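Q: My structure is below; once you've seen it, I'll send some questions.
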Amino acid sequence: MDFPILDTQVYGHPLVYLDNAATTQKPQQVIEALTNYYLTLNSNIHRGTHYLATQATERYEAVRQQVQQFIHAASNKEIVFTRGTTESINLVAATFGRQFLHKGDEVIVSGMEHHSNIVPWQLACEQVGARLRVIPFSDEGVLDLEVYRSLFSTRTRLVAVNHVSNTLGTVNPVKEIVGIAHGHGVPVLIDGAQAIAHMPVDVQDLGCDFYCFSGHKMYAPMGVGVLYGREELLNQLPPYQGGGEMIKDVTFEKTTYNELPYKFEAGTPSVGDVLGLGAAIDFIQSRGMDSIVRHEEQLMSYAMDRLATVPNIRFFGTAPGKVGVISFLLGNAHPYDVGTLLDKLGVAVRTGHHCTQPIMDRYGIPGTVRASFACYTTTADIDALHAALLRIEPMLM
Ligand code: 7TS
């Protein structure tokens, strides 16, 4: 068994884990990479001349190379390790904001962003008197690109959109979104948190300026994420946090900064977690991204057909080609009640607004129940969810 935790029993039922958009479980290889690091390699990197420090530094930098190849970045200087998507977006919002945002400027986001791709931009805008413009989406959960085109003005400074919605599963046409923005000379940040484990990502093909993701949503440990940034643009940004490793020379009069990517990696990073991320990439590549995509496509189609037979089910997010998540309600039952009853039957789903309150406002609902998939999800898991829903539906109606 690649994923030991999936053997867990919950209230006497085998665990059916369908909360993968929140975090994926970790394969044995990743757990071993993490334990081996602490058993055999633990030391601070980039600083020591001793054996452990040089070994750990080499391994850490090798993962940077692995990430570069995984997302096809042009250079490993463009790969910044962070704590996760949230920190990656905050890094860009804070530094880009300081450098390029002025009073009256505008940042375009979509109406289906996770709070972590809204609030950092609001903070940056508030500091200078800039404002957000929002791309609306249809009932199915498809962005309105006509409106998007009309949002650009001479004051537009940046576009920030997700690649895949964590609530609706919509795969946004990010390459087209980038093309339109670049036509106006505006850079684009893509929040790839929900895409990175579900499809091949090629940042040069997408043409994006920034791409952010979290390790823990792609089978890696919590505590590590990535910011990809185009070298030319990253070089124009001021540092984010000050501290060790991000400097070249420090005097009390003036400090000069280290080169990329170290300029953005102040302090001791989560070295073991980065090595875990390397093991997670190995895991994905050994399964094959193409076969993961095929498996999840079949699973989505099976699940949508099967769940559609549950009486009183209402789906939110029915865009063609959607991936990863199914959001729904049972009649007018509160999502929390559905989630609690499912849990008692061993089925782990997410309930609530999923950190996307504007989506809930758009549909006029308090939240949804969300089942989300990973490469280890099976049709038997979907059958278990289906059977559990059939069992609880009469109790709630
Ligand atoms: N962006 C998207 C699209 C997300 O789905 C999430 C987390 C984040 C950003 C933030 O990622 P973090 O790793 O920095 O926390 N999404 C979810 C979710 O859907 N349920 O729990 C966390």
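Residues in the sequence shown are numbered from 1017 upward in steps of one, following our numbering. Beta carbons are placed, not taken as given, at the ideal position from N, Cα and C, and that holds for glycine. For clarity, every value in this text was computed on a predicted model and none was experimentally measured.
Between the Cα of THR1284 and those of ASP1155, ARG1246, GLY1239, TYR1244, spot the shortest distance and give me the residue it belongs to.
A: GLY1239
Q: Are ASP1298 and GLN1084 closer than 8 angstroms when you measure CB to CB?
A: no
Q: Could you tell me which residues DSSP puts in a beta bridge with GLU1122?
A: ARG1147, THR1172
Q: Give a single yes or no on whether THR1102 has its beta carbon closer than 7 angstroms to a heavy atom of the ligand 7TS.
A: yes
Q: Three-state secondary structure (DSSP) at GLY1337?
A: coil
Q: Helix, strand or coil: which one does DSSP assign to VAL1365?
A: coil
Q: Look at VAL1123 and LEU1159 and say whether their C-beta atoms are less than 8 angstroms apart.
A: no
Q: Compare the beta carbon distance of HIS1402 and VAL1341 with 8 angstroms and say whether it is the shorter of the two.
A: no
Q: Is it true that the CB of GLY1113 sits closer than 8 angstroms to the CB of GLN1138?
A: no
Q: For the ligand FAD, I want to know if HIS1370 counts as a neighbour, meaning its beta carbon is within less than 7 angstroms of at least one of the ligand's heavy atoms.
A: No copy of the ligand FAD occurs in the structure displayed; its ligands are the ligand 7TS alone.
Q: Take LEU1153 and list the residues in its own chain whose beta-carbon comes closer than 6 angstroms to its own, dropping the five residues that flank it on each side.
A: First, the amino acid is wrong: residue 1153 is Phe here, not Leu. Hits under 6 angstroms: GLY1127, MET1128, LEU1159.
Q: Could you tell me whether the Cβ atoms of PRO1419 and TYR1244 are closer together than 8 angstroms?
A: This structure cannot settle anything about residue 1419, because the visible part of the chain is limited to 1017 through 1413.
Q: Sorted by chain position, which residues of the same chain lie with C-beta nearer than 6 angstroms to ILE1061's C-beta, five sequence neighbours on each side aside?
A: ALA1072, THR1073, TYR1076, VAL1287
Q: Which residue wins for smallest C-alpha separation from LEU1416, given the options ASP1225, ALA1319, LEU1323?
A: Any property of residue 1416 remains undetermined from this structure, which presents the chain solely from 1017 to 1413.
Q: Which value, in whole angstroms, describes the spacing of the CA atoms of MET1316 and PHE1331?
A: 13 angstroms
Q: Cβ of SER1230 versus every heavy atom of the ligand 7TS: is any distance shorter than 7 angstroms?
A: yes
Q: Let's see if you can read the secondary structure: which residues bound the beta strand (DSSP E) around LYS1264?
A: Where LYS1264 is concerned, the enclosing beta strand (DSSP E) stretches over 1263–1266.
Q: Within a Cβ cutoff of 6 angstroms, which residues of the same chain sit near PHE1086, ignoring the five residues on either side of it in sequence?
A: Within the same chain, and ignoring the five residues on either side of PHE1086 in sequence, the residues whose Cβ sits closer than 6 angstroms to its Cβ are ILE1297.
Q: Residue range of the alpha helix (DSSP H) that TYR1352 falls in?
A: 1351–1360
Q: Quick check on the burial criterion: 16 or more other C-beta atoms within 10 angstroms. Buried or exposed for ASP1265?
A: ASP1265 is exposed by the Cβ-count criterion.
Q: Answer yes or no: do THR1111 and CYS1228 have a C-beta to C-beta separation smaller than 8 angstroms?
A: no
Q: For the region 1041–1118, list the alpha helix (DSSP H) runs that are entirely contained and at least 4 residues long, ordered along the chain.
A: 1044–1052, 1067–1086, 1101–1116
Q: Determine the direct distance from the alpha carbon of ASP1353 to that of MET1215, and round the result to whole angstroms.
A: In this structure, the alpha-carbon of MET1215 lies about 33 angstroms from that of ASP1353.
Q: Taking its Cβ as the centre, do 16 or more other Cβ atoms sit within 10 Å of THR1051, making it buried, or is it exposed?
A: exposed
Q: Check whether the region 1348–1367 and the region 1155–1171 touch, using three or more Cβ-Cβ pairs below 8 angstroms as the test.
A: no
Q: So who's on the other strand from HIS1029, going by DSSP bridges?
A: VAL1026
Q: Consider the C-beta atom of ASN1052 and the heavy atoms of the ligand 7TS; say whether any pair is separated by less than 7 angstroms.
A: no
Q: Cβ atoms of LEU1034 and SER1388: under 8 angstroms apart, would you say?
A: Against a cut-off of 8 angstroms, the Cβ pair of LEU1034 and SER1388 comes out as a contact.
Q: What is the DSSP secondary structure of ASP990, reduced to helix, strand or coil?
A: The displayed coordinates of the chain run from 1017 to 1413. Any statement about residue 990 would go beyond what the structure contains.
Q: Could you tell me if PRO1410 is buried or exposed, where buried requires 16 or more neighbouring beta carbons within 10 angstroms of its beta carbon?
A: In summary, PRO1410 is exposed, with fewer than 16 beta-carbon neighbours lying within 10 Å of its beta-carbon over all protein chains present.
Q: Report all residues from its chain with a CB closer than 8 angstroms to the CB of GLN1081; omit the five preceding and five following residues, and keep chain order.
A: ASN1092
Q: Looking only at its own chain, which residues have a Cβ that is under 8 angstroms from the Cβ of PRO1351, when we skip the five neighbours before and after it?
A: Same-chain partners within the cutoff: LEU1345, THR1367, GLY1368, PRO1382, GLY1383, THR1384, VAL1385.
Q: So does HIS1311 have its beta carbon nearer than 7 angstroms to some heavy atom of the ligand 7TS?
A: no
Q: What would DSSP say about PHE1229, mapped onto helix, strand or coil?
A: PHE1229 carries a strand assignment under DSSP once its states are collapsed to helix, strand and coil.
Q: If you drop the 5 nearest sequence neighbours on each side, which residues of the same chain put their C-beta closer than 7 angstroms to that of ALA1414?
A: Any question about residue 1414 goes unanswered here, given that the chain covers just 1017 to 1413.
Q: Thinking C-alpha only, which one of GLY1304, GLN1301, ILE1300, VAL1339 is nearest TYR1450?
A: Because the chain in this structure spans residues 1017 to 1413, residue 1450 falls outside the shown range and cannot be described.
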